[in-house]
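Counting with our numbering, you get residues 49 to 395 for the letters of the sequence shown. A short write-up of the structure that comes next.
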Amino acid sequence: MELSIVVPVYNEEENIPALYDQLTEVLDPLGLKYEILCADDGSTDRSFMLLKALTEKDPRVKVIRFRRNFGQTAAFSAGFDYARGDVVITIDADLQNDPTGIPLLLAKIDEGYDVVSGWRRDRQDPFLSRKLPSKVANWLISRATGVAVHDRGCSLRAHRLEIVKEMRLYGELHRFIPDIAAWLGASMAEVPVQHRPRQFGTSKYGIGRTFRVVLDLITVHFLQNYSTRPIHVFGKYGLLLSGLGFVLGLWLTIEKVFLGQSIGQRPALTLSVLFMMMGMQLVSIGLLGEMIVRSYYEGQDKSIYAVREIVDFAEDTPSDGTTAATAVAYPMALRPASTNMNGMPDA
């Protein structure tokens, strides 16, 4: 399988037939072996019936039906889990993403990029309710994550299969896919694509999602920078508060001992104790976070890195005469049970 098209669907019965026709019209001339994976996100209209009819008509169409509405992130995640194509392309089912942009994405993938995002430069949406909040959100996210992407809300995007298989999406992190890919070390590019006004159905988004974006941004920023070292964020502020409390307490002690002033009723004494207690609590939270992270990686054999490729690994012979496959040094947390402290197989 060379290409997988992932389509999240939620109450889009008017758009499904036209979407299928437009996708096949663009994909068939490419001469690629492809599949269309539709994730029915608990639709309450005739969407699933229409999708099921398409599977009977065209075996390249696959349907993943959810028991209820789990959200677009879950739909993308399911599509990524079931995708088999070397390149995975996501596209919305509302016909606002023009499928004619798919060859442009594939051309950039062929240049060597891992992720190529569509950029709705001429977006056909209301300015105040959709375009303005999107511009603000994209600017905030770019500043926080350091990943310069103009349009994270565009679902028309191409990814190499190995990238999406490494992603773990939850909540509403689908809008942060470029940032998660960058954290995995993916090379990225953007391509301007056509955007069309919605003709059928109703939009599933409103101005209220702006607040959720801010909260998700805090989550992504923490995961990108401190997921494997929580003590660095909690401990930093913990030490700062403890230091302020200690300095304040030391000054009050000097006033009491050397100047004979009463400090029992002063708010500064309460503030000093409060700062030191809060500081110790933050440091304790950081230490607990370190223990949880260690248990997460060691207990589930999770890797703390992502490998792009391995070149001539099996044929490389170290100077000690062992093969490269047995001479690799494992990190302590990731060392298999069958290896000794030198990373060599036990006798």
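Note that beta-carbon positions come from the ideal geometry of N, C-alpha and C, so glycine has one too.
Starting from residue i, trace the beta strand (DSSP E) in both directions and tell me its first and last residue.
i, result
"HIS207", "205-208"
"ILE53", "51-57"
"TYR310", "In the sequence under discussion, the amino acid at residue 310 is Ser, which differs from the Tyr named in the question. Where SER310 is concerned, there is no enclosing beta strand (DSSP E), given that its DSSP letter is neither H nor E."
"ILE150", "No beta strand (DSSP E) contains ILE150, which is instead part of the alpha helix (DSSP H) from 150-158."
"ILE455", "Nothing can be reported for residue 455: it is not among the residues displayed for the chain, which extend from 49 to 395."
What's the gap between the Cα of residue i and the Cα of residue j?
i, j, result
"ALA237", "VAL164", "5 Å"
"SER182", "ARG169", "12 Å"
"VAL197", "LEU102", "35 Å"
"VAL241", "ARG171", "9 Å"
"ILE150", "LEU330", "48 Å"
"LEU98", "GLY347", "44 Å"
"GLY334", "GLY283", "6 Å"
"ALA185", "LEU336", "32 Å"
"ASN388", "TYR161", "Note on ASN388: pLDDT 38, under 50, position unreliable in the model; the coordinate value appears next. If you take the alpha carbons of ASN388 and TYR161, they lie about 39 Å apart."
"ARG260", "GLN313", "43 Å"
"ALA122", "GLY219", "8 Å"
"LEU221", "SER190", "15 Å"
"ASP364", "ASP158", "Only weak support exists for where ASP364 lies, its pLDDT of 47 falling under 50; the value from the coordinates is given anyway. Taking the straight line joining both Cα atoms gives about 29 Å."
"ASP88", "VAL295", "59 Å"
"GLU83", "ASN117", "23 Å"
"LEU80", "THR148", "15 Å"
"ALA141", "TYR68", "9 Å"
"GLY194", "LYS156", "22 Å"
"ALA206", "ARG277", "31 Å"
"LEU71", "ASN145", "11 Å"
For the alpha helix (DSSP H) containing residue i, list its first residue and its last residue.
i, result
"PRO65", "64-75"
Look at residue i and residue j and say whether their C-beta atoms are less than 8 Å apart.
i, j, result
"PHE323", "LEU287", "no"
"TYR274", "VAL268", "no"
"GLU338", "ILE279", "yes"
"GLY127", "LEU85", "yes"
"ASP199", "TRP231", "no"
"ASN59", "ASP106", "no"
"VAL135", "LEU154", "yes"
"ILE112", "VAL55", "no"
"LEU298", "LEU317", "no"
"LEU217", "PHE96", "no"
"ALA229", "ILE211", "yes"
"PHE38", "GLY133", "Here the chain covers residues 49 to 395 and nothing more, so residue 38 does not appear."
Name, in chain order, the residues that DSSP records as bridge partners for residue i.
i, result
"TYR82", "LEU51"
"ASN145", "HIS243"
"SER165", "ARG205 and GLU238"
Could you check whether the Cβ of residue i sits closer than 8 Å to any Cβ belonging to chain C?
i, result
"ALA237", "In the displayed structure, chain C is absent; only one protein chain is listed."
Query raised in the report: Which ranges does the beta strand (DSSP E) cover as unbroken runs of at least 3 residues, wholly within the stretch 87-132, from first to last along the chain?
Result: 109-113
**Report entry** Whole runs of the alpha helix (DSSP H) within the stretch 181-249, excluding any shorter than 4 residues
**Finding:** 209-214 and 225-231
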